[in-house]
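Position one of the sequence shown corresponds to residue 267 (my numbering), numbered consecutively onward. In this text, a Cβ means the ideal position worked out from N, Cα and C, and glycines have one as well. Note that this is a predicted model, so its numbers are computed, not measured. A short write-up of the structure that comes next.
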Amino acid sequence: MQLLARRVDLIQPSPSVMAMSRAKELIAAGQDICNMAAGEPDFATPRAIIDAAYQALLAGETKYTAVDGTRALKEAICEKFRRENALTYRPDQISVGAGAKQVIFNAFACSVDEGDEVIIPAPYWVSYPDIVQFNGGKPVFVVAPASQEFRMTAEQLQSVITPRSKWLVLNSPNNPSGATFSSAELQQIGEVVARHPNLYVLTDEIYEHLIYDDLSYASFAAVNPSLSERTLTINGVSKSFSMTGWRLGYGAGPQPLIKAMEKLQSQTSGNPASVSQAAALAALKGSMEFFGEWRNEYQRRRDYIVGQLDGREGLSCAKPAGAFYVYPSCAAHIGKTTPGGKRIETDTDFVLYLLNEYKVATVQGAAYGLSPSFRISFATSMNVIEEACRRVLAACAALQ
Ligand code: PLP
């Protein structure tokens with residue numbers, strides 16, 4: 267009898283996590299790598315949040331808590347939704363887990379039956395399809411290329427809906443493209459969803475605060491209030507407060523689903539770490555004044571990278587409206603040969619060439635379902651970004 271269950275073969279290790287680990291290994295081994303693979307802010311968690319966590323530990327918040335989050339944290343999350351998104355939730359509609367990733371996993375594990383279809387616009391965050399497949403579902407991809415600014419249209423959505431469609435996944439701002447839906451676009455998508463009463467929407471809003479050029483953020487459930495009972499809104503503190511390592515995310519949605527997710531979590535991880543909940547409570551209740559500076563810095567980096575890469579050495583690089591990634595196309599380099607005589611057949615070859623020959627770590631578009639492209643994170647210092655752009659351009663220029 268085999269040791270491993272068949273369902274393990276349904277998933278791959280997260281390509282972005284792998285790329286980041288590889289870059290860190292090479293740096294630890296003394297190599298001069300520009301690490302552009304990170305999916306996490308390079309800022310420190312704000313001091314006030316760390317202080318609050320420390321005080322909570324001293325006050326004895328070191329024990330088990332309610333499985334899916336303390337009452338105080340759930341109330342703070344409801345208040346956040348009210349204040350920032352004009353959404354009204356009760357604490358029993360909130361699920362708190364060890365990162366948005368766990369909350370998304372729980373949601374699909376509790377609602378996807380064998381063969382249920384989950385519509386995922388591409389490019390997509392690497393984990394959605396694997397989580398769906400692990401739970402017996404079938405990802406259905408809708409490709410939204412650069413020519414439509416990486417935003418799926420309502421017509422495209424309509425064309426893939428079948429009687430087996432269970433969920434639509436939205437992720438705005440998007441990882442890896444930074445594409446951000448306008449309120450009007452969300453409304454058009456909502457109109458299609460409204461015509462299919464068995465379809466639910468998981469809207470992953472974890473990059474909500476990371477939007478540029480004075481854009482205002484539109485949350486799907488706020489734009490489509492009639493769909494609130496069919497919407498699970500996902501968010502967390504990882505990206506907005508630079509708290510990736512604390513592992514704290516949350517979801518808000520239909521109470522029966524939230525209850526099922528609590529049951530699952532009670533038999534898997536139990537509560538998210540008590541100290542992380544205390545930290546998240548301080549983050550959500552505290553001032554976000556620090557964030558303006560972070561946003562300006564991200565925007566400066568974005569403008570620099572796009573200015574360097576777009577239209578140069580065969581690359582085209584759209585300017586993202588949000589998140590901290592650019593997603594350039596490397597189509598012009600497919601079929602070319604490296605100075606070492608290797609043919610670039612795919613974006614994976616291209617990314618390996620950048621890493622091995624020019625010491626720049628990025629992630630291949632194949633991981634995100636839209637090729638040939640690659641993802642560059644600009645959640646790193648301006649010095650590293652400048653050097654990475656120099657190296658990427660030199661690498662492209664050297665291809666024949
Ligand atoms: N959703 C998206 C779109 C992400 O990019 C990420 C992390 O990269 C997550 C969810 C997971 O966030 P968390 O750290 O809260 O698990």
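Does residue i come out as helix, strand or coil in the three-state DSSP assignment?
{"i": "Cys300", "result": "strand"}
{"i": "Ser448", "result": "coil"}
{"i": "Ala640", "result": "According to the sequence as given, residue 640 is Phe; it is not Ala. Note: Phe640 maps to strand in three-state DSSP."}
{"i": "Thr428", "result": "coil"}
{"i": "Lys625", "result": "coil"}
{"i": "Asp358", "result": "helix"}
{"i": "Asn372", "result": "helix"}
{"i": "Arg532", "result": "As written in the sequence, residue 532 is Ser, which differs from the Arg given in the question. It is helical."}
{"i": "Gly606", "result": "coil"}
{"i": "Ser287", "result": "helix"}
{"i": "Phe681", "result": "Because the chain is modelled from 267 through 666, residue 681 falls outside the range shown and cannot be assessed."}
{"i": "Ile651", "result": "helix"}
{"i": "Ser595", "result": "strand"}
{"i": "Ile524", "result": "helix"}
{"i": "Val378", "result": "coil"}
{"i": "Ser582", "result": "strand"}
{"i": "Gly305", "result": "coil"}
{"i": "Gln630", "result": "strand"}
{"i": "Leu620", "result": "helix"}
{"i": "Gly635", "result": "coil"}
Hey, residue i and residue j are a contact pair by Cβ (cut 8 Å); roughly how many whole angstroms apart?
{"i": "Val409", "j": "Leu434", "result": "So it is not a contact: roughly 15 Å between Cβ atoms."}
{"i": "Phe590", "j": "Phe644", "result": "5 Å"}
{"i": "Leu493", "j": "Ala526", "result": "The Cβ separation is near 20 Å, so there is no contact."}
{"i": "Asn490", "j": "Leu547", "result": "At roughly 29 Å, the Cβ-Cβ gap does not stay under 8 Å, so Asn490 and Leu547 are not in contact."}
{"i": "Gln278", "j": "Asp396", "result": "6 Å"}
{"i": "Ala289", "j": "Ile299", "result": "5 Å"}
{"i": "Val458", "j": "Ala420", "result": "5 Å"}
{"i": "Ile315", "j": "Ala597", "result": "The Cβ separation is near 43 Å, so there is no contact."}
In or out: residue i buried (at least 16 other Cβ within 10 Å) or exposed?
{"i": "Asn440", "result": "buried"}
{"i": "Leu636", "result": "buried"}
{"i": "Thr331", "result": "buried"}
{"i": "Glu474", "result": "buried"}
{"i": "Asn622", "result": "exposed"}
{"i": "Asn464", "result": "exposed"}
{"i": "Val629", "result": "buried"}
{"i": "Gln321", "result": "exposed"}
{"i": "Asp358", "result": "exposed"}
{"i": "Ala310", "result": "exposed"}
{"i": "Ser553", "result": "exposed"}
{"i": "Gln543", "result": "buried"}
{"i": "Met648", "result": "exposed"}
{"i": "Pro387", "result": "buried"}
{"i": "Gln521", "result": "exposed"}
{"i": "Lys340", "result": "buried"}
{"i": "Ser438", "result": "buried"}
{"i": "Ser281", "result": "Contrary to the premise, residue 281 reads as Pro rather than Ser in this sequence. Flag for Pro281 reads buried."}
{"i": "Gln414", "result": "exposed"}
{"i": "Ala488", "result": "buried"}
{"i": "Ser482", "result": "exposed"}
So the alpha helix (DSSP H) residue i belongs to, where does it begin and stop?
{"i": "Ala322", "result": "313 to 324"}
{"i": "Glu327", "result": "Premise fails: Glu327 is in no alpha helix (DSSP H) and is neither H nor E."}
{"i": "Asp569", "result": "556 to 575"}
{"i": "Glu345", "result": "337 to 351"}
{"i": "Ala487", "result": "486 to 489"}
{"i": "Ala295", "result": "From DSSP, Ala295 is part of no alpha helix (DSSP H); its letter is neither H nor E."}
{"i": "Pro387", "result": "Looking at the DSSP string, Pro387 is not in any alpha helix (DSSP H); the run it does join, the beta strand (DSSP E), is 383 to 388."}
{"i": "Ser393", "result": "393 to 400"}
{"i": "Leu547", "result": "540 to 551"}
Where do the N-terminal and C-terminal ends of the beta strand (DSSP E) with residue i fall, by residue?
{"i": "Val274", "result": "Neither: Val274 is in no beta strand (DSSP E) and is coded neither H nor E."}
{"i": "Tyr516", "result": "515 to 518"}
{"i": "Leu498", "result": "497 to 502"}
{"i": "Tyr466", "result": "466 to 470"}
Considering only the beta carbon of each residue, do residue i and residue j sit closer than 7 Å?
{"i": "Gly588", "j": "Asp613", "result": "no"}
{"i": "Cys662", "j": "Gly580", "result": "yes"}
{"i": "Ala545", "j": "Ala319", "result": "yes"}
{"i": "Val333", "j": "Gln531", "result": "yes"}
{"i": "Val626", "j": "Leu618", "result": "no"}
{"i": "Ala445", "j": "Phe486", "result": "no"}
{"i": "Asp592", "j": "Ile571", "result": "The sequence as given places Val at residue 592; Asp does not occur at that position. Yes, the Cβ-Cβ distance between Val592 and Ile571 is below 7 Å."}
{"i": "Lys602", "j": "Leu665", "result": "yes"}
{"i": "Ala342", "j": "Lys529", "result": "no"}
{"i": "Pro405", "j": "Pro442", "result": "no"}
{"i": "Ile500", "j": "Val392", "result": "no"}
{"i": "Gly536", "j": "Gly515", "result": "no"}
{"i": "Lys505", "j": "Ile472", "result": "yes"}
{"i": "Val378", "j": "Gly335", "result": "no"}
{"i": "Arg656", "j": "Tyr624", "result": "no"}
{"i": "Leu575", "j": "Ala373", "result": "no"}
{"i": "Asn401", "j": "Ala375", "result": "yes"}
Point to revise | Residues surrounding the ligand ADP [beta-carbon distance to nearest heavy atom under 6 Å] | key: The ligand ADP is absent from the structure shown, which contains only the ligand PLP.
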